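Chemist: Residue numbers (our numbering): 82 to 473.
(1) Can you say whether residue 191 is buried or exposed, counting buried as having 16 or more other CB atoms within 10 angstroms of its CB?
(2) Can you find at least 3 beta carbon pairs, one from the stretch 377-396 and one from the stretch 274-292, that sit closer than 8 Å?
(3) Buried or exposed: which applies to residue 83, given that a residue is buried once 16 or more other Cβ atoms fall within 10 Å of its Cβ?
(4) Quick one, which of 305, 348, 395 and 222 has its alpha-carbon nearest residue 441's?
(5) On a CA-only basis, which of 353, 362, 309 and 234 is nearest residue 295? Give me that one, please.
(6) How many angstroms separate the CA atom of residue 456 from the CA atom of residue 136?
(7) Counting C-beta neighbours from all protein chains within 10 Å, is the total for residue 403 16 or more, i.e. buried, or is it exposed?
(8) Roughly how many whole angstroms lie between the Cα atoms of residue 396 and residue 411?
(9) What's the C-alpha gap between residue 259 and residue 430?
(10) If contact is defined by three or more beta carbon pairs under 8 Å, each pair taking one atom from either stretch, is the stretch 233-242 in contact with the stretch 347-356?
(11) Alpha carbon to alpha carbon, what distance is there between residue 341 and residue 312?
(12) With distances taken from CA atoms, which of 257, 224 and 144 is nearest residue 406?
(13) Take residue 390 as the anchor and find which of 436, 327 and 275 has the nearest alpha-carbon.
(14) Applying the 10 Å Cβ sphere with the 16-neighbour rule, what's the burial state of residue 111?
(15) Within 10 Å of its beta-carbon, does residue 201 have 16 or more other beta-carbons around it, so buried, or fewer, so exposed?
(16) Report yes or no: do the stretch 413-423 and the stretch 245-252 share at least 3 C-beta pairs separated by less than 8 Å?
(17) Quick check on the burial criterion: 16 or more other C-beta atoms within 10 angstroms. Buried or exposed for residue 228?
Structure (structure tokens):
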């Protein structure tokens, strides 16, 4: 008999009891060899199948990797135009990678195309902006020059306005003094008018008195004529008395003496009356001359009074005009002060505008510099992306 192999195993877990079976070892070895050979055959078949599948997979992966490598080389050379061939049924990672790379390439191609267009637009825009900026900078420079000229002009206007304000103040002060002087002159002229009126009255009184003297002189002439006639009669009487005394002889000697004395007195009276008449005539002539002179003087005084009245009226009009002009001078002075203040404010505003224009010019220079750098960057970007070929 062959050898046996004993195998024991519990009947139930946790129960005391075993089943003891005995089997022939050759039978077991034969069954074991059969099982091992079967396993070897199965493993060999599986290995061969695995090798075949692996070969197929590696071949497919190699094709896909080759396609991916070629595509990557084209992309690295800047050619984004080739299409990635993706199988209809794509269930592996490489296919997914190819699909993702294809999508990425298309997106990258679209992006680079847009970047190229944007670069062209940026270059054109920067060129236009730079030209506009240079033109604007030239305009700002002219504006700065103009504002400086305007500022100088406003400074001159402000200085002129200040001088005019001072001049107008002086003119207003002079007009006030003129008004005061005119008032004083008007008062003096009124006093002169009063004095001239009094002088006129005095000349009229003198003329009247001279007329009275002339009349008195006429009366004196009448008296002198009477005295002359009396003297003539007395002289005739004395002559007759002398004649009668001569006729009487001795008895008429006394009458003769008296007659001679009477005749002598009559002669003296005649001489005196003649002298008085001459003096009265001279006095009448002088009085007449005085009356004529006083009349002429009175006319001159009247004319002077009229002239003084006219001058007084003219001075009154001048005073009125001066008083009317004085508020105008004050108003003009006030307006000139306001104009000077406005000119000062304009000058300050122009200074601020000049500073702002200068700042704007500096900013434009910086902007132009930045635009030049941007244009250089855009040109560099355009040069860099010009190596890429994209979908049209």
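Ideal Cβ positions, reconstructed from N, Cα and C, are used throughout, including at glycine. As the structure is a prediction and not an experimental result, all values here were calculated from the model.
Modeler: On the basis of the data shown:
(1) Answer is exposed; the Cβ neighbour count stays below 16.
(2) With a cut-off of 8 Å, the stretch 274-292 and the stretch 377-396 count as touching, because enough Cβ pairs lie within range.
(3) Note that residue 83 has pLDDT 48, beneath the 50 cutoff, so the model's placement of it is unreliable and no number is given.
(4) Comparing Cα-Cα distances from residue 441 to each of 305, 348, 395 and 222, the minimum goes to 222.
(5) Ranking 353, 362, 309 and 234 by CA distance to the CA of residue 295 puts 362 first.
(6) Straight-line Cα distance between these residues: approximately 56 Å.
(7) Residue burial annotation: residue 403 is buried, with at least 16 other C-beta atoms found within 10 angstroms of its C-beta.
(8) Each residue's Cα considered, the two are about 22 Å apart.
(9) In a straight line, the C-alpha of residue 259 is about 41 Å away from that of residue 430.
(10) By the Cβ rule, the stretch 347-356 does not count as touching the stretch 233-242, because fewer than three pairs are nearer than 8 Å.
(11) Residue 312 and residue 341 have their C-alpha atoms roughly 14 Å apart.
(12) Ranked by Cα distance from residue 406, the options 257, 224 and 144 are led by 257.
(13) Considering only alpha carbons, the answer is 275.
(14) With fewer than 16 other Cβ atoms within 10 Å, it is exposed.
(15) In this structure residue 201 is exposed. Its beta-carbon is surrounded by fewer than 16 other beta-carbon atoms within 10 angstroms.
(16) By the C-beta criterion, the stretch 413-423 is judged to be in contact with the stretch 245-252, since at least 3 inter-stretch pairs fall below 8 Å.
(17) Classified as buried, residue 228 has 16 or more neighbouring CB atoms from the shown chains inside 10 Å of its CB.
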